[in-house]
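**Q** My questions all concern the structure below.
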Amino acid sequence: MDLKKLASKLIPDENLLPLEEYEKLYPERELKKGAEVTRLAPSPTGFIHLGNLYSALADERIAHTTGGIFYLRIEDTDLKRKVDGAVDSVIRSLDYFGVCFDEGAEIASPLNKYGPYYQRQRADIYRAFAKNLIERGLAYPCFCTEDELNAVREEQTANKEITGYYGRYAKCRNLSEEEIYANLEAGKPFVIRLKSQGNTANKITFRDAIKGEITVTENDQDVVILKSDGIPTYHFAHAIDDHFMHTTLVIRGEEWLSSLPIHLELFSALGFKLPKYGHTCSLMKVDGGVKRKLSKRKDPELSLDYYRKAGYYPRAVVKYLMTILNSNFEEWERKNPQADYRDFKFSIDKMGKSGALFDIDKLNDVSKAELATLSAEQTYDFLNGWVNEFGSEADRQHFADREYIIKILNLICGIGGKKRRKDIVRAETGVGMLGYFFDDTFAPEYSYRFDAPTVNAVLNGFAAVYDESDDNQTWFAKVKGVAADCGFASEMSDYKANPQNYKGSVADVAEILRIAVTGMPNSPDLCTVMGIIGRGRTLARLSAGLVK
RNA sequence: GGCCUUGUGGUCAAGCGGCUAAGACGGAGCCCUCUCAAGGCUCAAUCUCGGGUUCGAUUCCCGACAGGGUCACCA
């Protein structure tokens, strides 16, 4: 069979370059030794999730700690999955979390020499190489219809055989020249399949950068490399693109592990040097006692928007991910509390081999610790940003008074105190803690644990002596005075020694005052709260808190 | 079901033939304390199960069991 003629008939494009020209077009990158070139290659569905961030972070860290390149390629070979604005959304989402690309689709960079970065725009490269494969007898046209393929699959399933297009099931693999041209004459649509030279009896051991040594079975599937619309499938595009874009390390989800044999054969058939691979494990969650992969449909926490809406500090999400990416990250951070997480020496072989369960408690812990490193002004800026995007109208009005909010923040965050408080987990809950500092959102629940006369005596007693210019000690001395007057122990030790002699302790008195002033039994330093809301408001609340 | 893969406390995990099996989150308790938060201290909790190999296995081998992934003209 004249393969050259067949190739030209199947792929008649005239503008295809000789193969060597593509090599010249995309020369080796000039990077220092050890530099890794990594990439994120999403399909443009517009949905970028925690798993993407997780692997993007690994890509970005590895590229940037080795002096390499991290680029963005868009795998838009499937038109059905395309969503407008998706690429911008990917870039913006990752940027919000501090993950930036050096080159790629929609990235303004002088480095963009390996494009186009949209696969649809690279059709001629794929076609040139597919044509070459046909000429070399390593690929062939397949005219099977969807129905035929389904029928074969059913038969295979019924016979408990491996499904797919291989061996004796590969009907079009050995079509005669006449049959091929007849089908072509008849205008039958066709795909180009790889003519696999592999044998599943052969096992290869393969070194994965994350999983370590794994054994893979040789591929024998005649996979589709060019779809009937002339656009490549993922497998083929992956081999071509990662070769010409000179990716040195392919980090991708472990769901790709099973198609690794295909990629191995493709790289070999194409004569390309194989990149290193690192297959990451997926983030899991426990659902009804069962461990399963985080799912787009069932789990809102997979979406990155979820973290923005909830008001997680972006760097906290990143650090949380770092803790599961490299388990020694936490230890390093404890030793270098001031350092930027980017100074951490990220290493791919520290990455876990089995899927980590997503742990919201851990995230919350990381988040509040991270927020506790900000100044009151920085905290204000962050909360304000959240309020403007997701807050209520009342929140926005409150945040217009920057001075006042910062005063509150100094208290809530314990700034200036001996120890930093870690009350704020995320913006949403942080903003929610501000309610009682404003009259319109003050929503008291008067849940006193003492009878009316006692409560009223405490409230009135304190109102009579309150002076906003008192310092903390003087203020507390007055609380103790009220306690003594109302039959409470003014010293905790006295109360502990003889509880039966008192109605309660100063702590209980403070609680009564606190409930009246803040509406809640718990709050940061009450004296300071009173100082912030001011004398007028304090007295009004003490009076409003009286039990009728 | 075939193939691949994983298996240390509730969770994330150190460990790489000999250890009282780190640490962190979460839980319990104590201390501090006007409450809460934070902090300090303490406690409970783990090597999936069988066989081997070995003087000795969490660690090596085999098997079972249990998770996970995947079997498209989707990526």
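Each residue of the first sequence is one higher than the one before, starting from 40 at the first, in the numbering used here.
Glycine included, each C-beta is placed from N, C-alpha and C at the ideal position.
Which runs of the beta strand (DSSP E), 3 residues or longer, sit entirely within the region 189-273?
**A** 230-233, 242-247, 251-256, 263-265
**Q** State the Cα-Cα distance for the pair LYS121 and GLY85, rounded to the nearest angstrom.
**A** 8 angstroms
**Q** Classify SER529: buried if its beta carbon has 16 or more other beta carbons within 10 angstroms, exposed otherwise.
**A** Flag for SER529 reads buried.
**Q** Hey, out of LYS392, GLU194, GLU370, whose CA is closest to LYS384's CA?
**A** GLU370
**Q** Would you report the Cα separation of HIS318 and LEU296, rounded to the nearest angstrom?
**A** 7 angstroms
**Q** Under 8 angstroms by Cβ, that's how I've got ASN91 and PRO81 pegged, so tell me the actual separation to the nearest angstrom.
**A** 6 angstroms
**Q** Is it the case that the region 59-68 contacts the region 170-187, given that we only count it when at least three CB pairs across the two stretches are under 8 angstroms?
**A** no
**Q** Return the Cβ separation of LYS392 and ILE551 in integer angstroms, given the expectation that the two are a contact with Cβ distance under 8 angstroms.
**A** With a Cβ gap of about 56 angstroms, LYS392 and ILE551 do not count as contacting.
**Q** Alpha carbon to alpha carbon, how far is CYS183 from GLU217? Give it in angstroms, no decimals.
**A** The straight-line gap from Cα to Cα measures roughly 16 angstroms.
**Q** With HIS437 as the anchor, note down where its alpha helix (DSSP H) starts and where it stops.
**A** 432-439
**Q** Any idea what DSSP makes of PRO57, helix, strand or coil?
**A** coil
**Q** Among SER235, LEU49, LEU150, whose alpha-carbon lies nearest the alpha-carbon of ARG207?
**A** The shortest C-alpha separation from ARG207 is found at SER235.
**Q** Taking all protein chains shown into account, decide if ASN540 is buried (16 or more other Cβ within 10 angstroms of its Cβ) or exposed.
**A** exposed
**Q** My understanding is that ILE87 touches SER128, with C-beta atoms under 8 angstroms, so please give their C-beta distance in whole angstroms.
**A** 7 angstroms
**Q** Between which two residues does the beta strand (DSSP E) carrying GLY455 extend?
**A** Neither: GLY455 is in no beta strand (DSSP E) and is coded neither H nor E.
**Q** Taking the CB atoms as reference points, tell me whether ALA546 and CYS525 lie closer together than 8 angstroms.
**A** Using a Cβ distance threshold of 8 angstroms, ALA546 and CYS525 do not count as a contacting pair.
**Q** Beta-carbon separation of THR286 and ARG100 under 8 angstroms?
**A** no
**Q** Could you name the residues of the same chain whose beta carbon sits closer than 6 angstroms to that of LYS407, not counting the 5 residues immediately before and after it, in chain order?
**A** LYS461, VAL464
**Q** How would you write the range of the beta strand (DSSP E) that HIS318 sits in, first residue to last?
**A** Counting along the chain, HIS318 sits inside the beta strand (DSSP E) bounded by residues 315-319.
**Q** For my contact list, ILE219 and LEU265 are in at a C-beta cut-off of 8 angstroms; report their separation, rounded to the angstrom.
**A** No, ILE219 and LEU265 are not in contact; Cβ-Cβ is about 15 angstroms, not under 8 angstroms.
**Q** Measuring CA to CA, which of THR567, ASP398, ASP382, ILE130 is closest to TYR359?
**A** ASP398
**Q** Taking the straight line between their C-alpha atoms, what separation do you get for ALA97 and LYS315?
**A** 14 angstroms
**Q** So who's on the other strand from CYS181, going by DSSP bridges?
**A** VAL230
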